[in-house]
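Below is one structure, written out as structure tokens; comments come after it.
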Amino acid sequence: MIFALILAGAIGAVGGVSYVYFRNCQIQTAREIDAVERRIERHKLDIRTVQMRSDQILNLFAIRDTLAEEGTELVPIPPGVSENIEAQSNTAVASINSSL
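Residues in the sequence shown are numbered from 30 upward in steps of one, following my numbering.
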């Protein structure tokens, strides 16, 4: 009888210790997941900020204003002066490369 009580107490103690251990691992994993999610959100915000800044920099009107402030001699190209040039086929590029 005493042996059964000691065995039950030992099993209960091992069960309690293992429960606490696994619960601590679970809490630690949840904290790591939260930290990773916060880092992801921070990176998403950084990406949006960079995109916004690049859009501001590449804005046609902002470029014109910047050029005007700098006093550059560049002038806008009137429509119709520029022409679209189609890319050559790969065979033409390959024949040029093979002749080199």
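Ideal Cβ positions, reconstructed from N, Cα and C, are used throughout, including at glycine.
Span of the alpha helix (DSSP H), counted from its first residue to its last, around Met30: Locating residue 30 in the sequence shown gives position 1, where the first residue counts as 1. Where Met30 is concerned, there is no enclosing alpha helix (DSSP H), given that its DSSP letter is neither H nor E.
Test item: CB-CB of Leu87 and Leu96 under 8 Å: The residue given as residue 87 occupies position 58 in the sequence shown. The residue given as residue 96 occupies position 67 in the sequence shown. No, the Cβ-Cβ distance between Leu87 and Leu96 is not below 8 Å.
Collapsed DSSP secondary structure at Asn113 in the structure displayed: Locating residue 113 in the sequence shown gives position 84, counting from the first residue. Correct three-state label for Asn113: coil.
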